[in-house]
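Heads up: the sequence shown runs through residues -20 to -1, 1 to 144, numbered per mature numbering (1 follows the signal peptide of the UniProt record, and there is no 0).
For each residue, glycine too, the CB sits at the ideal point set by N, CA and C.
Below you'll find the structure, written out as structure tokens, and then a few comments.
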Amino acid sequence: MKWNLPLMFVGLLFAAGTVAQVKTPDSTQLLKRQLETQTVQTRLEQNKLKLEQLERSLQAKTDELNAALKTSQQSASANLDNAYKLRRDPEDKKLSRQARKSARQAEKDAKKSRKMANNAKGLEKDIKKLKKKITKDETQLKKWGVAADKLKAKQAEPATGGQP
């Protein structure tokens, strides 16, 4: 019983000492975090520039696609007209040749339109991925910015002695 009170007192001192210790940020950790934030910031800026370029190229591809669709539609209607003419006179070689040429041209134009549409879809997909990367980097920078502000506040606190 005599030893219980002093042992409890010593145990309480050890427990209070471990709880009261504040983990100070290591300078290497701070430098590492600063380096990481710089790399994320440069990557973010590069991604934003790349996004602008992709959006401009998407606009150009969309314009080209619209023009290709228009020519494809025109060649398809020309093919239809030549097919109707050939139907009226199936023995005419000239009409047969014109119908065959217009059919080939319509096929080529349709293929060109499909390729352009696939290219535009690919660009849209790339833009979507890049936007996800940009938002991820921005949220990471925001999170690190708040953490860096807290670390700076903790560092400034012991220097002032905890006084406001």
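- In terms of Cα proximity to Q39, the closest of N99, T119, R13 and K109 is N99.
- Note that the C-beta distance between D106 and L15 is not below 7 Å.
- In the three-state reduction of the DSSP assignment, D72 falls in the coil class, being assigned neither a helical nor a strand state.
- Here L66 is near L75, since their CB atoms are less than 7 Å apart.
- In this structure, the beta-carbon distance from A86 to N62 does not fall below 7 Å.
- Inter-segment contact for the stretch 112 to 120 and the stretch 18 to 30 is present: three or more beta-carbon pairs are separated by less than 8 Å.
- The beta carbon of L31 is closer than 8 Å to those of I107, L110, K111 and I114 in its chain, skipping five residues each way along the sequence.
- The shortest C-alpha to C-alpha distance from A48 to any of V(-11), D6 and D89 is the one to D89.
- Restricting attention to S37, G125, Q54 and R36, the CA atom closest to the CA of S93 is found in Q54.
- The criterion of a C-beta distance shorter than 7 Å is satisfied by L45 and M96.
- Residue burial is scored here from C-beta neighbours: S52 has at least 16 other C-beta atoms within 10 angstroms and is therefore classed as buried.
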